[in-house]
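Chemist:
There are 2 protein chains.
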Amino acid sequence: MKAYLFIKGFLFDNIMEYQLTHSEENYLKEIFHLSGVDAFRVSTNNLAARLNSKASSITDMLQKLAEKELVSYVKYKGCNLTDKGEGIAVQIIRKHRLWETFLVMKLNFGWEEVHDIAEQLEHIDSTKLIDSLDHFLDYPKFDPHGDPIPDKDGKITYRKAKIKLSETVVNSLVEIVSVNEDSASLLTYLEKNNLVLGICIRIIEKYEFDKSMRIALENGNELNLSKKVIENIGVKFISKT
Amino acid sequence: MKAYLFIKGFLFDNIMEYQLTHSEENYLKEIFHLSGVDAFRVSTNNLAARLNSKASSITDMLQKLAEKELVSYVKYKGCNLTDKGEGIAVQIIRKHRLWETFLVMKLNFGWEEVHDIAEQLEHIDSTKLIDSLDHFLDYPKFDPHGDPIPDKDGKITYRKAKIKLSETVVNSLVEIVSVNEDSASLLTYLEKNNLVLGICIRIIEKYEFDKSMRIALENGNELNLSKKVIENIGVKFISKT
DNA sequence: ATTAATTTTTAGTCTTGTCTAAAAATATGT
DNA sequence: ACATATTTTTAGACAAGACTAAAAATTAAT
Numbered sequence: 004m005k006a007y008l009f010i011k012g013f014l015f016d017n018i019m020e021y022q023l024t025h026s027e028e029n030y031l032k033e034i035f036h037l038s039g040v041d042a043f044r045v046s047t048n049n050l051a052a053r054l055n056s057k058a059s060s061i062t063d064m065l066q067k068l069a070e071k072e073l074v075s076y077v078k079y080k081g082c083n084l085t086d087k088g089e090g091i092a093v094q095i096i097r098k099h100r101l102w103e104t105f106l107v108m109k110l111n112f113g114w115e116e117v118h119d120i121a122e123q124l125e126h127i128d129s130t131k132l133i134d135s136l137d138h139f140l141d142y143p144k145f146d147p148h149g150d151p152i153p154d155k156d157g158k159i160t161y162r163k164a165k166i167k168l169s170e171t172v173v174n175s176l177v178e179i180v181s182v183n184e185d186s187a188s189l190l191t192y193l194e195k196n197n198l199v200l201g202i203c204i205r206i207i208e209k210y211e212f213d214k215s216m217r218i219a220l221e222n223g224n225e226l227n228l229s230k231k232v233i234e235n236i237g238v239k240f241i242s243k244t
Numbered sequence: 004m005k006a007y008l009f010i011k012g013f014l015f016d017n018i019m020e021y022q023l024t025h026s027e028e029n030y031l032k033e034i035f036h037l038s039g040v041d042a043f044r045v046s047t048n049n050l051a052a053r054l055n056s057k058a059s060s061i062t063d064m065l066q067k068l069a070e071k072e073l074v075s076y077v078k079y080k081g082c083n084l085t086d087k088g089e090g091i092a093v094q095i096i097r098k099h100r101l102w103e104t105f106l107v108m109k110l111n112f113g114w115e116e117v118h119d120i121a122e123q124l125e126h127i128d129s130t131k132l133i134d135s136l137d138h139f140l141d142y143p144k145f146d147p148h149g150d151p152i153p154d155k156d157g158k159i160t161y162r163k164a165k166i167k168l169s170e171t172v173v174n175s176l177v178e179i180v181s182v183n184e185d186s187a188s189l190l191t192y193l194e195k196n197n198l199v200l201g202i203c204i205r206i207i208e209k210y211e212f213d214k215s216m217r218i219a220l221e222n223g224n225e226l227n228l229s230k231k232v233i234e235n236i237g238v239k240f241i242s243k244t
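If you're matching them up, the sequences are chains A and B in order.
Numbering follows my numbering, in which position 153 of the first sequence is assigned residue number 156; successive positions increment by one, without gaps.
Numbering follows my numbering, in which position 173 of the second sequence is assigned residue number 176; successive positions increment by one, without gaps.
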């Protein structure tokens, strides 16, 4: 029996070619995150910082991934995912987000404690397992942080008009729809200040000198948020006055 | 905050010392299985066969594990788990069996397809995860193959008087309580012949020349089972005539 | 009790993924 | 445009975990 991999309308055979190591999978995932929706080129140093690694290690791995045609890599010019590479990255992200959803919905974890465990679970290799989990969870569209969960075929349902809180203008009324999941301390901080998914806030003032922002909650409470914080919150407009 | 490891009545601190690699964990688990309840010494070649590895690789790893005081190893004389090593092995087995139970009970997997996935999941490192899973599954005592699931403290509830089907005498009436989980093809074979957990069979005849056996099912059907098969089925006596 | 067969260990090599230090390419500032 | 700063790559090293081939210890057999 032959196995196939269906990516972006292309059918690749010999799926065994895509049995990657944890490390390789982490590289693909991080390149995907860094290159964003517009598929920016990702620089070696950027990747090194995100993967807690050194530039020289990144260069080595990029050459290896380029050899496998998972990234397009040009010396001194950074890298990009190929269609194959992106297809795999999306499947890893699917696994990560489904496991996070499982941990929160079924095992009663808090949304701020699931990231590290999902980092491990995302490397478990079984299509049947992940599709069964998807079914068990009733095909969720978004994970506990508000990020979209890619489906079996890698299709991602983006929420329309999601932008960073830091990009909003004064007086906007917005709903929090996602939080960058990387830092457990940030998540705890937000939880403590009641800045949870689905809540509405209004931007009161923006301070140029340190790029911070003052916002108001639904209950009237006001709060100052640093540059760091507002860059890690994704919002959707409710209305603009 | 300090973390502790409670093993067989001893309290070990500095749990970080026990962050083992997948490979190390697999060695401990396999030594545990091979040395059985009576803690037999396990030979290098035996381990090599079970781990699909070479004797020289085993020697290397045993020296490393002895260094960490997880096995007691004597040159040319094989190895044994220390209390620490056994405590860790039992926790890995706990994880393996809980995940198998999850796959069968919640994700509707067949009992014969869960072993390979559980081999991966057993290495996920999170005490909170596994304890939550245990709770979610309502603290099961036995896994889908009939093997006992160690509890949080490593205690194992053995079924009394479990022996191999091959060790029974003619005319015994026994209940199938476990099946050695290693071979998917064996499991499929048993399923096909309705030899599932909990079923009762009677031993009709034993053949010395090839160590095979003829048995009868509850519905009267008779069946010949090879040496290989009857050595991999665990049973409990119901009565002996 | 020696010799033969088997098991186990040692010694040396390989791959993966990482690192440091130094060299090369690119980007920046005046 | 040229010197300086930054980024990226190369070269060489290392640890983990496995392997092969050869040596040493143990076990079995006559």
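All C-beta atoms in this analysis are idealised placements derived from N, C-alpha and C, irrespective of residue type, glycine included.
Cutting at 6 Å between CB atoms, please list the residues of its own chain near K214(B), excluding the five before and the five after it.
Modeler: The answer, listed in chain order, is K230.
Chemist: Should the segment 99 to 109 of chain A be called in touch with the segment 147 to 156 of chain A, which here means at least 3 C-beta pairs below 8 Å?
Modeler: The segment 99 to 109 of chain A and the segment 147 to 156 of chain A touch, with no fewer than 3 CB-CB distances between them shorter than 8 Å.
Chemist: So which residues of chain B does K109(A) contact, with C-beta pairs closer than 7 Å?
Modeler: F139
Chemist: Inspect the beta-carbon positions of A92(A) and K32(A) and report whether they are closer than 8 Å.
Modeler: yes
Chemist: If contact is defined by three or more beta carbon pairs under 8 Å, each pair taking one atom from either stretch, is the segment 133 to 147 of chain B in contact with the segment 217 to 231 of chain B?
Modeler: no
Chemist: Please classify G113(B): is it buried, with 16 or more other beta-carbons within 10 angstroms of its beta-carbon, or exposed?
Modeler: Counting Cβ neighbours within 10 Å, G113(B) comes out exposed, since fewer than 16 surround it.
Chemist: Just grab the DSSP bridge partners of P151(A) for me.
Modeler: F145(A)
Chemist: Would the beta-carbon of I202(B) fall within 8 Å of that of R217(B)?
Modeler: Here I202(B) is not near R217(B), since their CB atoms are 8 Å or more apart.
Chemist: List the residues of chain B whose Cβ lies closer than 7 Å to the Cβ of Q123(A), in chain order.
Modeler: I127 and D128
Chemist: Would E170(A) be called buried (16 or more neighbouring beta carbons within 10 Å of its own) or exposed?
Modeler: exposed
Chemist: Quick check on the burial criterion: 16 or more other C-beta atoms within 10 angstroms. Buried or exposed for A6(A)?
Modeler: With a pLDDT of only 42 at A6(A), under 50, the local geometry of the prediction cannot be trusted, and the value read off the model is given with reservation. When all chains shown are included, A6(A) counts as exposed.
Chemist: Give the range of the alpha helix (DSSP H) segment to which N1(A) is assigned.
Modeler: Residue coverage of chain A in this structure runs from 4 to 244, which leaves residue 1(A) outside it and unanswerable.
Chemist: What did DSSP end up calling K5(A) once you bin it into helix, strand or coil?
Modeler: Residue placement at K5(A) is flagged as unreliable, the pLDDT there being 36, under the threshold of 50; the coordinate-derived value follows with that caveat. K5(A): coil per DSSP, three-state reduction.
Chemist: Could you check how far apart the C-beta atoms of A69(B) and A58(B) are, in whole angstroms? I think they sit under 8 Å.
Modeler: 16 Å between Cβ atoms; not a contact.
Chemist: Could you confirm whether any beta carbon from chain B is found closer than 8 Å to the beta carbon of S188(A)?
Modeler: no
Chemist: What's the C-alpha gap between I166(A) and V117(A)?
Modeler: 24 Å
Chemist: Counting only beta-carbon atoms, is L23(B) nearer than 8 Å to chain A?
Modeler: no
Chemist: Does the beta carbon of I120(A) come closer than 8 Å to any beta carbon on chain B?
Modeler: yes
Chemist: Out of L193(B), T24(B) and D156(B), which one is the CA nearest neighbour of K67(B)?
Modeler: Proximity to K67(B) across L193(B), T24(B) and D156(B) peaks at T24(B), based on C-alpha coordinates.
Chemist: Give the range of the beta strand (DSSP E) segment to which G81(B) is assigned.
Modeler: G81 to L84
Chemist: For K245(A), which option in N197(A), S181(A), L198(A) and E221(A) has the closest C-alpha, if you only look at C-alpha atoms?
Modeler: Nothing about residue 245(A) can be read from this structure; chain A reaches only from 4 to 244.
Chemist: Which residues mark the beginning and the end of the beta strand (DSSP E) in which V199(A) is found?
Modeler: No beta strand (DSSP E) holds V199(A); DSSP gives it neither H nor E.
Chemist: Beta carbons nearer than 9 Å to chain A: which residues of the segment 59 to 85 of chain B have them?
Modeler: none
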